[in-house]
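> When we follow my numbering, the leftmost residue of the sequence shown carries the number 31, and every step to the right adds one.
Think of the CB as a built atom: it goes at the ideal place given N, C-alpha and C, for glycine as much as any other residue.
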Amino acid sequence: MNINLVTSNSGKVEELTYILKPFGHNASQLKVECPEIQASTLEAVVDFGLDWLAAKKIQTPFIIDDAGIFIEALQNFPGVYSRYVYDTIGLQGVLKQMEGLEDRSTSFKCVIGLMLEDGTKHKFVGECKGDLIYEKRGTGGFGYDPIFIPEGYDKTFSELSPKEKNAVSHRGRAMKKLVDFLAEL
Ligand code: IMP
């Protein structure tokens, strides 16, 4: 299937393409600026995005992806505000908020939205639990990757290979559900 990836984030494009390719799906990036509503859940952001893009007659099938990082000791902050926090206080600012806090439990969540040719909408959710570390490590990946270690590993997402990250990441898990769903169509 030819699938349009509606995102301006090249890190996401790399990961989504890498996951889709072995299943025979071709992915093309569409850089359409979709407004992100301020909602309390990633699911609501994705629902709005799918409807907004469908109204703009974006070529189906297309995928959108909304993700966030949820830090337990900060009452799940930044969550749906992850992009704003990254763009403003950055990773150093987040680490500063965590100073003196021993509970580093953190999870990433990703919601992938798929719009099919028949106008049906589908959502796939993936989560990855782990810990926030004390300083940045690694050069790969994007966003919060240098400060997050997934459960069962001693390397940050930035230090893992794309294959390793996709195997356990929130996006990899959501995409596994999407690929299984497409195989059943
Ligand atoms: P959005 O899904 O593009 O709204 O992403 C929200 C924020 O989370 C942005 O700052 C992204 O860089 C970051 N982000 C999304 N996915 C990942 C990931 O897989 N690793 C690290 N940061 C991510």
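Let me confirm a value: Thr37 is counted as buried when at least 16 other C-beta atoms fall within 10 Å, else exposed. Which label applies?
The count along the sequence shown starts at 1 and reaches residue 37 at position 7. With 16 or more Cβ atoms within 10 Å of its Cβ, Thr37 is classed as buried.
> Are the Cβ atoms of Val43 and Leu35 separated by less than 8 Å?
What you label residue 43 is simply residue 13 of the sequence shown in a count that begins at 1. What you label residue 35 is simply residue 5 of the sequence shown in a count that begins at 1. Yes, they are a contact pair.
> Which residue or residues does DSSP assign as beta-bridge partners of Val36?
By one-based count along the sequence shown, residue 36 stands at place 6. Partner(s): Leu60.
> Please name the residue, chosen from Thr47, Thr150 and Gly109, that lies closest to Gln59 on a Cα-to-Cα basis.
Locating residue 59 in the sequence shown gives position 29, counting from the first residue. Selected option, being the one with the closest Cα: Thr47.
> For Phe211, count the other beta carbons within 10 Å of its own beta carbon; 16 or more makes it buried, fewer makes it exposed. Which is it?
Here residue 211 refers to the residue found at position 181 when the sequence shown is read from its first residue. It is exposed - the Cβ of Phe211 has fewer than 16 other Cβ atoms within 10 Å.
> Looking at the secondary structure, which residues open and close the alpha helix (DSSP H) in which His200 lies?
Walking along the sequence shown from the start, residue 200 turns up at place 170. Segment His200 to Ala213, the alpha helix (DSSP H) holding His200.
> Counting pairs of beta carbons, one from the region 101 to 118 and one from the region 65 to 80, are three or more of them closer than 8 Å?
yes
> Does any residue of chain D bring its CB to less than 8 Å from the CB of Arg113?
As a matter of chain content, chain D is missing from the structure shown, which is built from one protein chain.
> Extract the residue ranges of the beta strand (DSSP E) inside the region 140 to 197, only unbroken runs of 3 or more that lie entirely within it.
151 to 162 and 178 to 180
> Go through the residues and name those whose CB comes closer than 5 Å to any heavy atom of ligand 1, in chain order.
Asp96, Ala97, Ser112, Arg113, Tyr116, Gly173, Tyr174 and Asp175
> Using a threshold of 8 Å, state whether the C-beta atoms of Ala103 and Leu144 are closer than that.
Taking the sequence shown and counting its residues from 1, one reaches residue 103 at position 73. Taking the sequence shown and counting its residues from 1, one reaches residue 144 at position 114. Result no, Cβ atoms of Ala103 and Leu144 do not sit closer than 8 Å.
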